[in-house]
Every structure is written in structure tokens, then in C-alpha cells.
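Worksheet: one structure, shown below.
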Amino acid sequence: MSKPEISTTAGVSRLPGSRALWWGLAAAAILLGFADLWRGGETIAPLLLVLGYLVLVPIAILK
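Numbering-wise, the sequence shown is residues -4 to 58 according to this note's numbering.
Here it is in C-alpha cells:
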């Protein structure tokens, strides 16, 4: 009886782009969010920080 084949492509992600691209986007969103927060922004800054920390960083980690 032959052994079943085991797939070695478990680490392949379906998200487009490279890890460096996702980390770069996350870093840019976070830095822009803190820069706007330092400038006194109360609307765009929190949105950029949430986007960076809760969306882009997890995508970069899972990529």
C-alpha cells in the first residue's frame, strides 16, 4: 500500500504582494497616523493607526 502524499505548500498565502510590501504599508500607515496625531488630528490619525495595527500588521504576519 502506498503512502498518501503530503502537501508542502501549507505556507502559501492567497493574499497578493510580498511580506515586505505589507510591512511597509503597515509602517507607513502607523507613522502617518502618529504624525497626524502629533499635528493635532483627531479623525484621520485614529483611522490610520487602527488600519495599521489591526488590519495591515496581522496581514503582514500571516503573509
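Every residue, glycine too, gets a C-beta built ideally from N, C-alpha and C.
If you reduce the DSSP assignment to three classes, tell me which class residue 41 lands in. Within the sequence shown, numbered from 1, the residue matching residue 41 stands at position 46. The answer is helix: DSSP assigns residue 41 an H, G or I state.
Whole-angstrom Cβ separation of residue 24 and residue 43, contact assumed at under 8 Å? For the purposes of this step, residue 24 is taken as the residue at position 29 of the sequence shown. For the purposes of this step, residue 43 is taken as the residue at position 48 of the sequence shown. Indeed, because the Cβ distance is near 5 Å, the residues count as touching under 8 Å.
Can you have a look at residue 17 and say buried or exposed, based on whether 16 or more other CB atoms are within 10 angstroms of its CB? Within the sequence shown, the letter at position 22 stands for residue 17. The residue in question, residue 17, is buried, as its Cβ has 16 or more Cβ neighbours within 10 Å.
Can you name, in chain order, every residue of its own chain whose Cβ lies under 6 Å from the Cβ of residue 20, other than the five neighbours on each side? On the sequence shown, residue 20 is found 25 positions in, with the first residue counted as 1. If we look at residue 20 and ignore the five residues flanking it on each side, its Cβ neighbours are 51.
Answer with buried or exposed for residue 55, where buried requires no fewer than 16 other C-beta atoms within 10 angstroms of its C-beta. The count along the sequence shown starts at 1 and reaches residue 55 at position 60. The residue in question, residue 55, is buried, as its Cβ has 16 or more Cβ neighbours within 10 Å.
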